[in-house]
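Remarks on the structure that follows.
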Amino acid sequence: MLPTLPYDLPYGKTHLPACVPGDPLAPRRAAPVADETRAVCEALENPIGTAPLSRIAHSGERVAIVVNDVTRLTRTDLILPPIIRTLNASGVLDRDIFIVFALGIHRQQTDDERKLIVGDEIYSRIRCFDHVSTDEANLVEIGTTSFGNRVEINREVWEADRIILTGEIIYHLIAGYSGGRKSLAPGVAGFRTTTFNHRMIFDPKCRAGILDGNPAHEDLLEACRMADPDFIVNVVLSPDGSLIRVVAGHYDLAHREGCRTVDQMLRVEVQEPYDLMVASAGGFPLDIDLRQAHKGLENACQALRPGGSILFYAECPNGAGIQSFEDYVRRYRDDHEMQQALEREFVVGGHKAYWVARLGRLYRVHLVSALDPDFVRRCHFEPVSPEAHQQVLQDLLQEAGGTARVAVLPYAGFTLPVVQRGKETRSA
Numbered sequence: 267m268l269p270t271l272p273y274d275l276p277y278g279k280t281h282l283p284a285c286v287p288g289d290p291l292a293p294r295r296a297a298p299v300a301d302e303t304r305a306v307c308e309a310l311e312n313p314i315g316t317a318p319l320s321r322i323a324h325s326g327e328r329v330a331i332v333v334n335d336v337t338r339l340t341r342t343d344l345i346l347p348p349i350i351r352t353l354n355a356s357g358v359l360d361r362d363i364f365i366v367f368a369l370g371i372h373r374q375q376t377d378d379e380r381k382l383i384v385g386d387e388i389y390s391r392i393r394c395f396d397h398v399s400t401d402e403a404n405l406v407e408i409g410t411t412s413f414g415n416r417v418e419i420n421r422e423v424w425e426a427d428r429i430i431l432t433g434e435i436i437y438h439l440i441a442g443y444s445g446g447r448k449s450l451a452p453g454v455a456g457f458r459t460t461t462f463n464h465r466m467i468f469d470p471k472c473r474a475g476i477l478d479g480n481p482a483h484e485d486l487l488e489a490c491r492m493a494d495p496d497f498i499v500n501v502v503l504s505p506d507g508s509l510i511r512v513v514a515g516h517y518d519l520a521h522r523e524g525c526r527t528v529d530q531m532l533r534v535e536v537q538e539p540y541d542l543m544v545a546s547a548g549g550f551p552l553d554i555d556l557r558q559a560h561k562g563l564e565n566a567c568q569a570l571r572p573g574g575s576i577l578f579y580a581e582c583p584n585g586a587g588i589q590s591f592e593d594y595v596r597r598y599r600d601d602h603e604m605q606q607a608l609e610r611e612f613v614v615g616g617h618k619a620y621w622v623a624r625l626g627r628l629y630r631v632h633l634v635s636a637l638d639p640d641f642v643r644r645c646h647f648e649p650v651s652p653e654a655h656q657q658v659l660q661d662l663l664q665e666a667g668g669t670a671r672v673a674v675l676p677y678a679g680f681t682l683p684v685v686q687r688g689k690e691t692r693s694a
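Per our numbering, residue 267 is the first one in the sequence shown, and the count goes up by one each step.
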């Protein structure tokens, strides 16, 4: 029997204590870079597949820098200063640089959130604005992918002389990995373009940790190729936000190198599924809403047997995260009805409700959150208050029995468990 170990499970911007007798499924420890600013500068001067950034942009050119929104822990305030210094040294003036927040189809941000992302000094110097996927006047169609997706992107980004994409690489449920091409599409793409790509969720090849043969990734890569961004700067972070690696250069080659680093650090192999999982989305911003926290829940359930139980910690202070998610949960009884509705008319946000309801059918999900308990039950989950989480944990352990296989996944939003089955593996 495994010893009972104490854990501080991330929950929003704090932690909740729990003592669990189980296998710790944690990311491999990787040493943070010693000098973060120097690591970014070295990546800019030693890129993968392109010339150094200092030789790409020139005086008089307009430069678009695409950055992540508040739902991503990217360390944008670390990445941007060396990029802008390099552009300035190459003769590019501040007035010729603009920063676009790659909202995709997420909500618009507040001024405080924008300042938090880029830092006060850059926010006061450089024009910064949110991409709006439904602003038809500021979209331009640039082509159609081989999958039939008409690619519309932000007009100002398209008309810039140089495009620089920044982001973070972690696992992504549909596209395999975040970062790289995703900053272009869906980051600054039109609503229709993103919706088309999201329709691929029912394809079994659209999974976390998969690029080759993944139609969602390949569709986005084709879209990115049409825009032909000049340079990317992507980071790999540890769950606590420490910088592990910076990759820069070509939007595909550099991104793939970063994905390999993610696998080395965050892919965890287990021999067989567990009966009980205790997991956290990973705290803020990974649990800012259920739309985001679901990604960690999906990862955690990959190592859980069908019908198994999971106690999942995700504060979700912003609720479901999108109104259509909540509407779907209240309108349809289960994931089967949701799938039928999505196949008739795809609704962004509805696809998240489908995924959540599907997990609620396949597993016994106990959700520790600040969400309305009635809404949680409509998701086919059992609501748990932060005050009651330790008692619920003890009840689940007692119910599972002394021979049950139990695991703890403190950073499910980062970590991809893969169950070994001979030569087959099962992942998200």
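All C-beta atoms in this analysis are idealised placements derived from N, C-alpha and C, irrespective of residue type, glycine included.
(1) Does DSSP classify D335 as helix, strand or coil?
(2) Could you compute how far the alpha carbon of Q530 sits from the alpha carbon of A403?
(3) Please report the distance separating the alpha-carbon of L519 from that of V512.
(4) Is the beta carbon of S546 closer than 9 Å to that of D555?
(5) For the region 498–511 and the region 617–637, state whether three or more C-beta atom pairs, one from each stretch, are separated by less than 8 Å.
(6) Ends of the alpha helix (DSSP H) at A463?
(7) Per the DSSP calculation, H397 is bridged to which residue(s)?
(8) Taking only beta-carbon positions, decide if R341 is within less than 9 Å of chain B.
(9) Which runs of the alpha helix (DSSP H), 4 residues or longer, sit entirely within the region 305–386?
(10) Ends of the beta strand (DSSP E) at S546?
(11) Assuming L662 contacts C567 under a Cβ cut-off of 8 Å, what Cβ separation, rounded to an integer in Å, is found between them?
(12) Among L675, D289 and V501, which residue has its Cα nearest to the Cα of E308?
(13) Go ahead and pull the three-state DSSP assignment for Q558.
(14) What does DSSP give as the partner residues of T303 in its beta bridges?
(15) Can you find the residues in the same chain that come closer than 6 Å, C-beta to C-beta, to L271, ignoring five residues on each side of it along the sequence?
(16) List the DSSP bridge partners of S713.
(17) In its own chain, which residues sit with a C-beta less than 8 Å from the C-beta of R557, not counting the 5 before and 5 after it?
(18) Exposed or buried, E434, counting other C-beta atoms within 10 Å across all chains shown (16 or more means buried)?
(19) Touching or not, the region 310–329 and the region 409–418, by the rule of three or more beta carbon pairs under 8 Å?
(20) For R644, report the span of its alpha helix (DSSP H) as first-last.
(21) Residue ranges of each alpha helix (DSSP H) run of no fewer than 4 residues wholly in the region 507–540, ordered along the chain?
(22) Using a Cβ-Cβ cut-off of 8 Å (strictly less than) and excluding sequence neighbours within five positions of L732, which residues of its own chain qualify?
(23) Give me the DSSP bridge partner(s) of P481.
(24) Would you tell me roughly how many angstroms separate the C-alpha atoms of Y677 and R295, rounded to the nearest one?
(25) Is the region 358–375 in contact with the region 387–402, if contact means three or more CB pairs nearer than 8 Å?
(26) Could you give the residue range of the beta strand (DSSP E) that holds D698?
(27) Residues in the same chain with beta-carbon distance under 7 Å from E302, minus the five sequence neighbours each way, listed in chain order, please.
(28) For the beta strand (DSSP E) containing R571, name the first residue and the last one.
(29) Could you compute how far the alpha carbon of D362 sits from the alpha carbon of P347?
(30) Output needed for P276: all residues of its chain with C-beta closer than 6 Å, excluding positions within five of it in sequence on either side, in chain order.
(31) Would you check if the distance between the CB atom of D640 and the CB atom of Y620 is smaller than 9 Å?
(32) Using a Cβ-Cβ cut-off of 8 Å (strictly less than) and excluding sequence neighbours within five positions of V650, which residues of its own chain qualify?
(33) Less than 9 Å separating the beta-carbons of G524 and G446?
(34) Taking only the alpha-carbon atoms, compute the straight-line gap between L282 and H560 and give it to the nearest angstrom.
From the atom records:
(1) D335 falls in the coil class under three-state DSSP.
(2) Distance from the CA of Q530 to the CA of A403, rounded to the nearest whole angstrom, comes to 43 Å.
(3) Rounded to the nearest angstrom, the two C-alpha atoms are 13 Å apart.
(4) No, they are not a contact pair.
(5) In short, these stretches do not touch, since the Cβ pair count stays below three.
(6) The question names Ala, yet the displayed sequence has Asn at residue 463. Residues F457 to H464.
(7) H397 pairs with nothing; no bridge assigned.
(8) Considering every chain present, this structure includes no chain B. It has just one protein chain.
(9) Here the runs fully enclosed are 342–355 and 377–384.
(10) Per DSSP, the unbroken beta strand (DSSP E) holding S546 starts and ends at Y540 to S546.
(11) Rounded to the nearest angstrom, the Cβ distance from L662 to C567 is 15 Å, too far for a contact under 8 Å.
(12) The shortest C-alpha separation from E308 is found at V501.
(13) Three-state DSSP puts Q558 in a helix.
(14) Paired residue(s): none; T303 is not in a bridge.
(15) Contacts found: none.
(16) No answer is possible for residue 713: it lies beyond the span of the chain, which begins at 267 and ends at 694.
(17) Cβ neighbours of R557 beyond the five flanking positions: A586, G587, I588, F591, G615 and K618.
(18) Label assigned to E434: buried.
(19) Cβ pair count under 8 Å is below three, so no.
(20) Residues P639 to R644.
(21) Counting only runs of 4 or more residues that sit fully inside the region 507–540, the alpha helix (DSSP H) segments are 519–532, in chain order.
(22) Look at the range of the chain in this structure, 267 to 694, and you will see that residue 732 is not part of it.
(23) For P481, which the question treats as bridged, DSSP gives no partner whatsoever.
(24) Taking the straight line joining both Cα atoms gives about 13 Å.
(25) Output reads yes: the region 387–402 touches the region 358–375.
(26) This structure cannot speak to residue 698, because the chain is shown only from 267 to 694.
(27) Result list for E302: L344 and L509, in chain order.
(28) For R571, the enclosing beta strand (DSSP E) has its first and last residue at L570 to Y579.
(29) Whole-angstrom Cα-Cα distance: 15 Å.
(30) The beta carbon of P276 sits closer than 6 Å to those of S546, G548 and G549, all from its chain and outside the five residues before and after it, given in chain order.
(31) Their beta carbons are not under 9 Å apart, which means D640 does not touch Y620 by this criterion.
(32) Counting only Cβ-Cβ distances below 8 Å, and skipping sequence neighbours, we find L577, H632, L633, V634, S635 and V658.
(33) Yes, the Cβ-Cβ distance between G524 and G446 is below 9 Å.
(34) Cα to Cα, the separation comes out at about 19 Å.
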